[in-house]
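Colleague: Let me begin by handing over the structure; questions about it come next.
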Amino acid sequence: MHKDTLTELSASLGARRISARELAEYYLERIERFDPALNAFVTVTPEQALKEADAADRRIADGTATPLTGIPLAHKDIFCTAGIKTSCSSRMLDNFISPYDATVVARLKDAGAVLLGKTNMDEFAMGSSNETSYYGPVRNPWDHERVPGGSSGGSAAAVTASLCSAATGTDTGGSIRQPAALTGLTGIKPTYGRVSRYGMIAFASSLDQAGTLTRSAADAALLLQVMAGFDANDSTSLPDPVPNYPDELQTPWEKLRIGVPENFFDDGLDADNAAAVRASLEVFEKLGATIKNVRLDHIHLSVPAYYVVAPAEASSNLSRYDGVRYGYRAEGSDDLLELYMRSRGEGFGAEVKRRILTGTYVLSTGYYDAYYLQAQKVRQLIAEDFARAFTEVDLLAGPTTPTPAFPIGQKVGDPIQMYLNDIYTIGANLAGLPAMSVPCGFVDGLPVGLQLIGPHLAESRLLKAAHYFQLETDWHRRLPAAYA
Ligand code: GLN
């Protein structure tokens, strides 16, 4: 059962081969058995899950079910869930229970999905390895000594180890695609504004976007169908109608022109990882795609630009955590300033403080022009490079990460090394483009990902390319031996 994709489970539920309750009990039992070693979950919600599963079974019986009714899911602990702790894996929010559901949570609930719990993540989604969590690192199911990628590492580990059928994630600079690549999953970050950010705790608001971690592109299409679409509660939500993603997958293959950004294949890219990506381009050629080299002239500036813009926005967004209104409050302060300083000093971890300091610095008088404004100009140049490339090609393809999963602890002491993991993913966020990671091979027994990037609102094209690739390959069907 746990080897099935969401699409397959949905068919089994629809045909009454299994009930939603049986499915929920099965996955809850796996969480109990395997999660202590993985640390993928911050909160597990068995009672609520079983209640939702019973409601799903009633819907299936009375004919009002959707394809997601009864599907066991987990949400990254950045999405607000009414009545269930939403911590963002920070001490600051360790006691926070949201009074409302994020739009993503509400829409999936309405569709009848069953919530099993909330997943571990880098604190406030700041990280590439899931090592900045207040609750400790998440372990990669392929090798427990290695990171699962971040910041949606708990969601990635949970799906990889089949502790749930699929999970939500968020991607500000690669946090869905990178963990997907390092755990052998399919991850999609939609176009900026395609999925509502309402109730998704803000990190860098002009970059944050919600998406999914699943076993297959077909699974992602089913989830995105429900998650995407205009939301009046998010002022950056796109009004464009949502295509029928699952139906679009079934349409005949059109001959795609795929661009390969040659500057992605630089010295920093592991040679075997590069070979796996090149081999997957041959699969697309066999499908009838034409492959063409393209250049993204400013992409090498994406990491420095991002690490100015994202901390700047984070420093502003995180100013709301003051120890007064909600969240962590330090005991025994004599005055208000001390309360602020001690609550923030004790409530935030080291990486979050580093971002707040950097962000405050680059926004300060005298430095604003030199850093923040300059980074915004570079961001514009990067977006223009992508726009130019998309006048010649339909999709871009390249690596998701420079290397397979690295050992826990290897990069924590060196923030620059950690930031460089995002080198291939950040560009799509800076330009607001939809992008995916699809499993494309193994290096020393560890999965690696192929990244596909599309023009704005080309989610259907991305999902379809990934789906056709998955009809030709079986990388996405492999499971780590301990969880198979
Ligand atoms: N690794 C990047 C960062 O730490 C991206 C994180 C994300 O996408 N949330 O900022």
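Heads up: the sequence shown at position 472 corresponds to 472 in my numbering, and the numbers run straight through without jumps. Just so it is clear, CB atoms sit at the ideal spot from N, CA and C, and this is done for glycine as well.
Rank 475, 166 and 436 by C-alpha distance to the C-alpha of residue 457 and give the top, closest one.
Modeller: The residue given as residue 457 occupies position 457 in the sequence shown. It is 436 whose Cα lies nearest to the Cα of residue 457.
Colleague: Look at the Cβ atom of residue 76, then the Cβ atom of residue 167, and state whether they are nearer than 8 Å.
Modeller: Start at 1 with the first residue of the sequence shown, and residue 76 comes out as number 76. Start at 1 with the first residue of the sequence shown, and residue 167 comes out as number 167. Going by C-beta atoms, residue 76 is nearer than 8 Å to residue 167.
Colleague: Taking residue 85 as part of the alpha helix (DSSP H), name the residues at either end of that continuous run.
Modeller: As a working mapping, residue 85 is identified with position 85 in the sequence shown. No alpha helix (DSSP H) holds residue 85; DSSP gives it neither H nor E.
Colleague: Would you call residue 324 buried or exposed, if buried means 16 or more other Cβ atoms sit within 10 Å of its Cβ?
Modeller: Sequence index remark: in the sequence shown, residue 324 carries index 324 (1-based). That one is exposed.
Colleague: Thinking residue 49 and residue 116 are a contact (beta carbons under 8 Å), I'd like their distance in whole angstroms, please.
Modeller: Taking the first residue of the sequence shown as 1, we reach residue 49 at position 49. Taking the first residue of the sequence shown as 1, we reach residue 116 at position 116. The pair is a contact, with the Cβ atoms about 5 Å apart (cut-off 8 Å).
Colleague: Closest to residue 306 by CA distance: which of 428, 24 and 41 is it?
Modeller: Taking the first residue of the sequence shown as position 1, residue 306 is located at position 306. That would be 428, whose Cα lies nearest to the Cα of residue 306.
Colleague: Could you check whether the stretch 189 to 202 touches the stretch 230 to 238, counting it as contact only if at least three pairs of C-beta atoms, one from each stretch, sit closer than 8 Å?
Modeller: Short answer: they touch.
Colleague: Three or more C-beta pairs closer than 8 Å, one from the stretch 8 to 20 and one from the stretch 65 to 75: is that the case here?
Modeller: They touch, by the three-pair rule.
Colleague: Any chance the CB of residue 366 is under 7 Å from a heavy atom of the ligand GLN?
Modeller: Taking the first residue of the sequence shown as position 1, residue 366 is located at position 366. No - the ligand GLN has no heavy atom lying nearer than 7 Å to the Cβ of residue 366.
Colleague: Using 8 Å as the cut-off, can you tell me whether the stretch 358 to 365 makes contact with the stretch 257 to 264, which would need three or more C-beta pairs spanning the two stretches below that distance?
Modeller: With the cut-off at 8 Å, the stretch 358 to 365 and the stretch 257 to 264 do not touch.
Colleague: Report the start-end ranges of each alpha helix (DSSP H) in the stretch 319 to 405 that is 4 residues or longer and not cut off at the edges.
Modeller: As far as the stretch 319 to 405 is concerned, its whole alpha helix (DSSP H) runs of at least 4 residues are 336 to 347, 350 to 362 and 374 to 389.
Colleague: Under 8 Å, do residue 452 and residue 383 count as touching if we go by C-beta distance?
Modeller: Position 452 of the sequence shown, counted from the first residue, corresponds to residue 452. Position 383 of the sequence shown, counted from the first residue, corresponds to residue 383. The answer is no: Cβ separation not under 8 Å.
Colleague: For residue 239, which option in 446, 128, 413 and 191 has the closest C-alpha, if you only look at C-alpha atoms?
Modeller: For the purposes of this step, residue 239 is taken as the residue at position 239 of the sequence shown. The candidate whose alpha carbon is nearest that of residue 239 is 191.
Colleague: Report yes or no: do the stretch 91 to 104 and the stretch 328 to 348 share at least 3 C-beta pairs separated by less than 8 Å?
Modeller: Contact holds: three or more Cβ-Cβ distances are below 8 Å.
Colleague: Can you tell me which of 119, 176 and 137 puts its alpha carbon nearest to the alpha carbon of residue 163?
Modeller: Taking the first residue of the sequence shown as 1, we reach residue 163 at position 163. Comparing Cα positions, the closest option is 119.
Colleague: Would you mind sorting residue 466 into buried or exposed? The rule is 16 or more other CB atoms within 10 Å of its CB.
Modeller: If you number the sequence shown from 1, residue 466 lands on position 466. Buried, because 16 or more other Cβ atoms sit within 10 Å of the Cβ of residue 466.
Colleague: Just curious, the beta strand (DSSP E) that residue 437 is in, first and last residue?
Modeller: Indexing the sequence shown from 1 puts residue 437 at position 437. 435 to 443 is the extent of the beta strand (DSSP E) around residue 437.
Colleague: I want to check one thing, is the minimum distance from the CB of residue 203 to the heavy atoms of the ligand GLN below 7 Å?
Modeller: Taking the sequence shown and counting its residues from 1, the one referred to as residue 203 is at position 203. Yes.
Colleague: By how many angstroms is the C-alpha of residue 424 removed from the C-alpha of residue 25?
Modeller: For the purposes of this step, residue 25 is taken as residue 25 along the sequence shown, with counting starting at 1. For the purposes of this step, residue 424 is taken as residue 424 along the sequence shown, with counting starting at 1. In a straight line, the C-alpha of residue 25 is about 39 Å away from that of residue 424.
Colleague: May I ask you to list the residues that DSSP assigns as paired with residue 186?
Modeller: Indexing the sequence shown from 1 puts residue 186 at position 186. Answer is 214, bridged to residue 186.
Colleague: Could you give the residue range of the beta strand (DSSP E) that holds residue 166?
Modeller: Indexing the sequence shown from 1 puts residue 166 at position 166. Looking at the DSSP string, the run of the beta strand (DSSP E) that includes residue 166 is 166 to 170.
Colleague: Using the Cα positions of residue 157 and residue 442, report the straight-line distance between them to the nearest angstrom.
Modeller: Along the sequence shown, one-based indexing puts residue 157 at 157. Along the sequence shown, one-based indexing puts residue 442 at 442. For residue 157 and residue 442, the distance between alpha carbons rounds to 17 Å.
Colleague: Does DSSP classify residue 159 as helix, strand or coil?
Modeller: Taking the first residue of the sequence shown as 1, we reach residue 159 at position 159. Reduced to three states, the DSSP call for residue 159 is helix.
Colleague: Check whether the Cβ of residue 315 sits closer than 7 Å to any heavy atom of the ligand GLN, and report yes or no.
Modeller: Taking the first residue of the sequence shown as 1, we reach residue 315 at position 315. No, since every heavy atom of the ligand GLN falls outside the 7 Å radius drawn around the Cβ of residue 315.
Colleague: Label residue 476 either buried or exposed according to how many other C-beta atoms from any shown protein chain fall within 10 Å of its C-beta, with 16 as the threshold for buried.
Modeller: Here residue 476 is taken as the residue at index 476 of the sequence shown, counted from 1. So residue 476 ends up on the buried side.
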